[in-house]
Amino acid sequence: MNSTNPILKVSHLRKSFGSTQVLKDISFDLNAGEVLSIIGPSGSGKSTLLRCITQLETIGQGFVSVDGKEMILSNTGNSAKYAASSVLREIRLSTGLVFQNFNLFPHLTVLQNITLAPVRVLNMERTVARNLGLELLSQMGLEDKAKAYPCELSGGQQQRVSIARALALNPKILFFDEPTSALDPELTGEILKVIKKLAEKKMTMVIVTHEMAFARDVADKVLFMDQGVVVEQGTPSFVFGESKNERLQAFLARFSG
Amino acid sequence: MSELSSLLPILFEGFRTTLAIFGLTLLFSIPLGLLVAILKMSRFKVVRYPVTFYISVMRGTPLLLQIVAIYFGSYYLSEYSGFSISFDRFPAVIAAFSINYAAYFAEIFRGGIQSIPKGQYEAAYMLGLTKSQTFFRIILPQVVKRVLPASANEVITLVKDTSLAQVIAVTELFALAKKQQAAYASIFPLFVAGLFYYVANLLLSTLFAYAERKLNYYR
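Residue numbers (my numbering), protein chains in the order written: chain A, 529 to 785; chain B, 900 to 1118.
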């Protein structure tokens, strides 16, 4: 049923910073409940792609639709015409983003970080939001940290809080922008475990990552980007096995060493 | 000692005026300073340039001159224009102090606001917070912590700057102490006045140190 109607659809997306084209004609789509891993060398445009879809950057050309809502109405000349701000806001609320550097609010407790948006944005009742927050924290194995401040937590714990914060708005798609890049190797595992658990619950996710083994294991679909283009895309077994693409092979060779 | 007992009530009277200048200036200059800081960061040159000019004049000329300019300037302006915009002495002092201190506070606040990482705005944006929610719930509380030490400096300077009000014959603490100096033919009243300023600032420093400790619960 969903195969004809993907929850995320990106077509012919282009983006430039000044005269440098960082995204050149990106197209892909993703069905609900699937996990997409985006891999590629630094500077290939992975993060920019994520930031375009989550509206942190403006798109130059192309179309994006999330859960049937069109973000871009039309493309005229060299700019994309965005939908009404109310639509964009709806789209934004249906997409969560987990940042590389967590970006927790340092002056709020862990629980306040999670309940702020449900209370202030979704007008959820305080006690309901509180219970939701505590429930999410226990899913993250952090039930005892509700009253702690972010600075009192390890990097891995902070990242789990930021995942809980994103989940509190019950997003349709959860995006991860290199969620383990700021973490020590021993803390990386705990985040990957959390993401895997979400995948088992059929959370739709898009993950930009440098963890190749993880990208292969967790994903239903893998996108390999290089210099602003999608060089190869397909199932993990295709991208990590059968594909004969030279750039992909050269990239993967650097990771297997 | 009978000297002191007749001197103290007079100086306390002046100190009340000093406190009034101090309190009212803070009351007006802090919100005004926040507004000026925000305007100074505007995307629009028509907003940014006049604000930059205002700050440079306020910081670049003596407060003493600004008090005189506002008091006499407004007097002559209403004399010749026919509009009644002249200030009494005390309101003129409050106006001059407020716009002067707002300029300094604005620069402190701007520094504080701009030191907040971009990621805080992005996280708030992704969570659907409005711009004003983002500013008042996420950015401003963190700015307060960052600007506290620099603001303490300004506040303490303000206590002493209030003595400039005597230039248009507002009888604050120091003006009265000077009068008593002449009456007693001694500089003793001036030293007592100095003690008033010192004790007031000691209290303020303690208060700021306490506030800093209170905000130390996060980094």
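We put the CB at the ideal spot given by N, CA and C, even for glycine.
Predicted, not measured: the structure shown is a model, and the values here were computed from it.
(message) In the DSSP output, which residue or residues are listed as bridge partners for Val758 (chain A)?
(response) In the DSSP secondary-structure assignment, Val758 (chain A) is bridged to A:Met753.
(message) If you measure between the beta carbons of Ile735 (chain A) and Arg688 (chain A), is that distance less than 9 Å?
(response) Not a contact, by the Cβ cut-off of 9 Å.
(message) With H, G and I counted as helix, E and B as strand and the rest as coil, what does DSSP make of Val626 (chain A)?
(response) It is a strand residue.
(request) Measure the CB-CB distance between Ile567 (chain A) and Met753 (chain A) and report whether it falls below 9 Å. (result) For the 9 Å CB-CB criterion, Ile567 (chain A) and Met753 (chain A) form a contact.
(request) Residues of the stretch 997-1011 of chain B with a CB closer than 8 Å to any CB of chain A: list them in chain order, please. (result) Result list empty, no residue passes.
(request) Verify whether the separation of the beta carbon atoms of Ile969 (chain B) and Ala994 (chain B) is less than 9 Å. (result) One thing to note: Ile969 (chain B) has its Cβ within 9 Å of the Cβ of Ala994 (chain B).
(request) Could you check what DSSP says for Asn530 (chain A) in three-state terms: helix, strand or coil? (result) Its pLDDT being 45, under 50, Asn530 (chain A) is placed unreliably by the model, and the measurement read from it follows with that caveat. In this structure, Asn530 (chain A) counts as coil in the three-state DSSP scheme.
(message) If you follow the alpha helix (DSSP H) that Thr716 (chain A) is in, where does it begin and where does it stop?
(response) Note, Thr716 (chain A): alpha helix (DSSP H), Pro713 to Glu728.
(request) Measuring only between beta-carbons, confirm whether Leu1028 (chain B) sits less than 9 Å from chain A. (result) It does: the Cβ of Leu1028 (chain B) has a partner Cβ on chain A nearer than 9 Å.
(message) Just to confirm before moving on: does the CB-CB distance between Leu584 (chain A) and Leu551 (chain A) stay below 9 Å?
(response) No, Cβ-Cβ distance for Leu584 (chain A) and Leu551 (chain A) is not below 9 Å.
(message) Taking DSSP's pairing of strands, which residues face Leu564 (chain A) in a bridge?
(response) Paired residues: A:Val734 and A:Lys749.
(request) Please check the pair Phe927 (chain B) and Ser997 (chain B), which I expect to be a contact at CB under 8 Å, by giving their CB distance rounded to whole angstroms. (result) By a beta-carbon distance limit of 8 Å, Phe927 (chain B) contacts Ser997 (chain B). Their separation comes to about 4 Å.
(message) Tell me the rounded alpha-carbon separation between Ala696 (chain A) and Leu662 (chain A).
(response) Straight-line Cα distance between these residues: approximately 10 Å.
(request) Please list the partners that Tyr1116 (chain B) has in chain A, where partner means a Cβ-to-Cβ separation under 7 Å. (result) Taking the beta carbon of Tyr1116 (chain B) as reference, the chain A residues within 7 Å of it are Tyr677, listed in sequence order.
(request) Taking C-beta pairs closer than 8 Å, name the residues in chain B that Arg620 (chain A) reaches, listed in chain order. (result) Tyr1024, Met1025 and Gly1027, listed in chain order.
(request) Determine which residues share a DSSP beta bridge with Leu541 (chain A) and list them. (result) A:Ile554, per the DSSP bridge assignment.
(request) Output yes or no for whether 9 Å exceeds the beta carbon distance between Arg1036 (chain B) and Ile1015 (chain B). (result) Judged by their CB atoms, Arg1036 (chain B) and Ile1015 (chain B) are not nearer to each other than the 9 Å cut-off.
(request) In the DSSP assignment, find the unbroken alpha helix (DSSP H) run with Ile993 (chain B) in it and report its ends. (result) Run containing Ile993 (chain B): Arg988 to Gln1013, per the alpha helix (DSSP H) assignment.
(message) With a threshold of 9 Å between beta-carbons, can Thr623 (chain A) be considered close to chain B, or not?
(response) For Thr623 (chain A), the answer is yes, since a Cβ of chain B falls inside 9 Å of its Cβ.
(message) Three Cβ pairs or more, each shorter than 8 Å: is that satisfied between the stretch 1018-1029 of chain B and the stretch 622-630 of chain A?
(response) Put simply, the stretch 1018-1029 of chain B touches the stretch 622-630 of chain A. At least three CB pairs are less than 8 Å apart.
(request) Below 7 Å between beta carbons is the criterion; list the residues of the stretch 956-979 of chain B that meet it against any residue of chain A, in chain order. (result) So nothing in the stretch comes that close.
(request) Could you check what DSSP says for Asn603 (chain A) in three-state terms: helix, strand or coil? (result) Asn603 (chain A) falls in the strand class under three-state DSSP.
(message) With a threshold of 6 Å on Cβ separation, who are the neighbours of Ser544 (chain A) within its own chain once the five nearest residues in sequence on each side are excluded?
(response) Contacts found: Gly588.
(message) Would Glu1071 (chain B) and Tyr1003 (chain B) qualify as a contact pair, given that the criterion is a beta-carbon distance under 9 Å?
(response) In this structure, Tyr1003 (chain B) does not lie closer than 9 Å to Glu1071 (chain B) by Cβ.
(request) For chain A, find out if any of its Cβ atoms is closer than 9 Å to the Cβ of Lys1044 (chain B); answer yes or no. (result) Yes, contact with chain A.
(message) For a test of the three-state rule: what should DSSP assign to Phe633 (chain A), helix, strand or coil?
(response) Phe633 (chain A) carries a coil assignment under DSSP once its states are collapsed to helix, strand and coil.
(message) For Gln1041 (chain B), tell me which candidate among B:Leu1026, B:Arg1009, B:Thr1029 and B:Met1025 has the shortest Cα-Cα distance.
(response) Of B:Leu1026, B:Arg1009, B:Thr1029 and B:Met1025, the residue nearest in Cα terms is B:Arg1009.
(request) Give a yes or no on whether the minimum CB-CB distance between Val689 (chain A) and chain B is below 9 Å. (result) Taking Cβ atoms only, chain B never reaches closer than 9 Å to Val689 (chain A), which makes this a no.
(request) Give a yes or no on whether the minimum CB-CB distance between Thr582 (chain A) and chain B is below 9 Å. (result) With a threshold of 9 Å between beta carbons, Thr582 (chain A) makes contact with chain B.
(request) List the residues of chain B whose Cβ lies closer than 9 Å to the Cβ of Asn629 (chain A), in chain order. (result) Neighbours of Asn629 (chain A) in chain B, taken as residues whose beta carbon is under 9 Å from its own, are Pro1016 and Gly1018 in chain order.
(request) Leaving out five residues on either side along the sequence, give the residues of the same chain with a beta carbon under 8 Å from the beta carbon of Leu616 (chain A). (result) So the qualifying residues of the chain are Gln583, Met599 and Tyr610.
(request) Run through the stretch 1017-1098 of chain B for me and flag every whole beta strand (DSSP E) of 3 or more residues, listed as ranges in chain order. (result) The qualifying runs do not exist here; there are none.
(request) Please decide whether Leu726 (chain A) counts as near chain B, where near means a Cβ-Cβ distance under 9 Å. (result) The C-beta of Leu726 (chain A) comes no closer than 9 Å to any C-beta of chain B.
(message) Using only the alpha-carbon positions, how far apart do Val1066 (chain B) and Ile1055 (chain B) sit?
(response) Roughly 20 Å separates the two Cα atoms.
(message) My assumption, with CB atoms under 8 Å, is that Ala743 (chain A) sits in contact with Val750 (chain A). Please give the rounded CB distance.
(response) The distance from the Cβ of Ala743 (chain A) to that of Val750 (chain A) is about 6 Å, consistent with a contact at the 8 Å cut-off.
(request) Report the three-state DSSP secondary structure of Gly684 (chain A) (helix, strand or coil). (result) In the structure shown, Gly684 (chain A) sits in a helix (DSSP, three-state: H, G or I).
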